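In the working numbering, each number is its position in the sequence shown, counted from 1, plus 912.
Report on the structure given below.
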Amino acid sequence: MYFCNVLKTTFNKIISFPLVVFIRIYQWTISPLLPKNCRYEPTCSHYMVEALQVHGILKGLYLGVKRILRCHPWGGQGYDPVPPKK
């Protein structure tokens with residue numbers, strides 16, 4: 913059982929790594945050129961990276977896209993952390 917969990921965790925990290933790298937490149941190159949307009953803390957890109965690292969590729973991507981879709985003038989605002997893994 914332990915081996916299966918380790919294998920699943922390793923697989924999720926390998927699969928989500930390219931997406932995390934892409935988001936980090938965005939954070940380092942494009943994001944500093946744009947005005948601050950994220951209504952949430954942590955920002956949507958930081959939220960996406962943390963969601964991918966905590967929940968893996970499928971649920972992390974779902975949570976990140978859901979958060980980005982909520983980030984508009986009529987959406988919420990404030991502190992919105994990534995939910996803990998169950």
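Think of the CB as a built atom: it goes at the ideal place given N, C-alpha and C, for glycine as much as any other residue.
These numbers come from a predicted model, not from an experiment.
| task | Please name the residue in ASN917, TRP940 and LEU931 whose C-alpha comes closest to that of GLN965. | result | LEU931
| said: Buried or exposed for MET913, going by 16 or more other Cβ atoms inside 10 Å? | reply: exposed
| task | Would you tell me roughly how many angstroms separate the C-alpha atoms of LEU919 and LYS925, rounded to the nearest one? | result | 10 Å
| Alpha carbon to alpha carbon, how far is THR921 from GLY968? | 8 Å
| said: Between LYS998, ASP992 and PHE923, which has its C-alpha nearest TYR959's C-alpha? | reply: ASP992
| request: For GLY972, I'd like the list of residues in its chain whose CB is within less than 6 Å of its CB, leaving aside the five on either flank, ordered along the chain. | output: ALA963 and LEU964
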